[in-house]
Amino acid sequence: MAGAAAEARPGNYSTLPSEDKNMKTPNVSLIKTLREQAQHTPDRRFVIDVEENELSYGQTIDALQVWASAYHRAGIKHGDHVVTMQLNTIDSMLGWLGLASLGAIEAPINIDYRGSLLTHALNLTRAHTMVLLAQYLDRVLEVQHDLDYLEQIVVLDGDVVTAPPFRIFTRTEFMTDAPAPPELPLPEPWDIMAVLFTSGTTGPSKAVCLPWAQIYAMAGGSYPLADLNETDVLYNPGPTYHVGAKVFPYIAALVGGSHVMRPYISASAIGTDYLKFGVTTGGMATAWLAE
1 MAGAAAEARP GNYSTLPSED KNMKTPNVSL IKTLREQAQH TPDRRFVIDV EENELSYGQT
61 IDALQVWASA YHRAGIKHGD HVVTMQLNTI DSMLGWLGLA SLGAIEAPIN IDYRGSLLTH
121 ALNLTRAHTM VLLAQYLDRV LEVQHDLDYL EQIVVLDGDV VTAPPFRIFT RTEFMTDAPA
181 PPELPLPEPW DIMAVLFTSG TTGPSKAVCL PWAQIYAMAG GSYPLADLNE TDVLYNPGPT
241 YHVGAKVFPY IAALVGGSHV MRPYISASAI GTDYLKFGVT TGGMATAWLA E
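Just so we're aligned, residue 1 is where the sequence shown starts under this note's numbering, counting upward by one.
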């Protein structure tokens, strides 16, 4: 076997579980890979956004634990769903991973949802908690009488508001000084890493439950991971409710590389972003090269 003599360390794809043909369900999750990378190379960059905010592997582990603590204090527990309505940012990634580390499940929804589409998504997930940007709050309030389960809303970038019947948290209230939850086990490969909604072209959007093993398979099936390494930089232009926002960070972690987060897709920015951040592969490459 070609990979038998390879150094067994995170980021060396030849040693990853998919090589074991007898393993029916590999023991995989992005959180597991991040912990391994943080132990091996804690100071290596894992993520940078287009405003040049960045986190190393070690910092990512620390930051997602802060989010897990905040969600735990807000009453989120294993198996709970939390609907999010955000742009594709480091915050959105950390919130997703913080929930997943608790065994809770993010359901990111289309930022264009309003009216009956928004009501459908919120009621279908039975989420008691929603996290959003202030610009989307009015849409939720417009359909509040049609919502069967929602109880509390975290507004990440706004001032204190009163919006009965919901309990509203500001970012500061939600995030500050939250006590750490009990020691958390790693997710199992069959645990649901997120719920993503279909486009809705044939009726109301369907909620698709994606386990960690599935997203791992999608990462390995989408890109030739054996050809990538710690020098690679992936382009992750969003949106949060698309599977790419989950796959690109996972690919980066699997190979020990990094990824660039853009809050929303911008065709005019692709070339500049690729050159500025040294992107080697990832979302939108084909579209850009075809121009």
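All C-beta atoms in this analysis are idealised placements derived from N, C-alpha and C, irrespective of residue type, glycine included.
Cα-Cα separation, residue i to residue j
i, j, result
"K206", "G282", "26 Å"
"N12", "G98", "Only weak support exists for where N12 lies, its pLDDT of 47 falling under 50; the value from the coordinates is given anyway. Distance between the alpha carbons of N12 and G98: 26 Å."
"V155", "L137", "8 Å"
"T231", "G244", "20 Å"
"T25", "A213", "7 Å"
"Q39", "G58", "8 Å"
"G203", "H81", "22 Å"
"V161", "R126", "24 Å"
"A267", "D177", "40 Å"
"D148", "N123", "6 Å"
"D62", "F46", "13 Å"
"N229", "H145", "51 Å"
"A269", "P224", "25 Å"
"E36", "T280", "23 Å"
"D157", "E54", "19 Å"
"P17", "V28", "Legend: pLDDT at P17 = 49, less than 50; position of this residue unreliable, value from coordinates given subsequently. Their Cα atoms are separated by approximately 8 Å."
"T119", "E173", "26 Å"
"V41", "A226", "Note that residue 41 corresponds to Thr in the displayed sequence, not to Val. Looking at the two C-alpha atoms, the distance is approximately 19 Å."
Cβ neighbour criterion (16 or more within 10 Å) applied to residue i
i, result
"G75", "exposed"
"P263", "buried"
"V83", "buried"
"P187", "buried"
"D91", "buried"
"P182", "exposed"
"V208", "exposed"
Cβ pair residue i, residue j closer than 8 Å
i, j, result
"F197", "I109", "yes"
"A163", "W96", "no"
"F277", "I111", "no"
"L132", "M93", "no"
"D153", "V143", "The amino acid at residue 153 is misidentified as Asp; the sequence shows Ile. Contact flag unset, no."
"L30", "S101", "no"
"L117", "M130", "no"
"L254", "T33", "yes"
"A70", "M175", "yes"
"Y250", "I215", "yes"
DSSP state of residue i mapped onto helix, strand, coil
i, result
"I105", "strand"
"Y149", "coil"
"D80", "coil"
"I90", "helix"
"G282", "strand"
"D43", "coil"
"N53", "coil"
"H259", "strand"
"N123", "helix"
"A207", "strand"
"R114", "coil"
Check: residue i C-beta below 7 Å from any heavy atom of the ligand MG
i, result
"M85", "This structure simply doesn't include the ligand MG, nor any ligand for that matter."
- Message: Tell me whether the stretch 177-195 and the stretch 105-121 touch, counting them as touching only if at least three CB pairs, one residue from each stretch, are closer than 8 Å.
- Response: Flag = yes, the stretch 177-195 and the stretch 105-121 touch.
- Task: Count the C-beta pairs between the stretch 62-72 and the stretch 245-261 that are closer than 8 Å, then say yes if the count reaches three, no if not.
- Result: Counting Cβ pairs under 8 Å, fewer than three are found: no touch.
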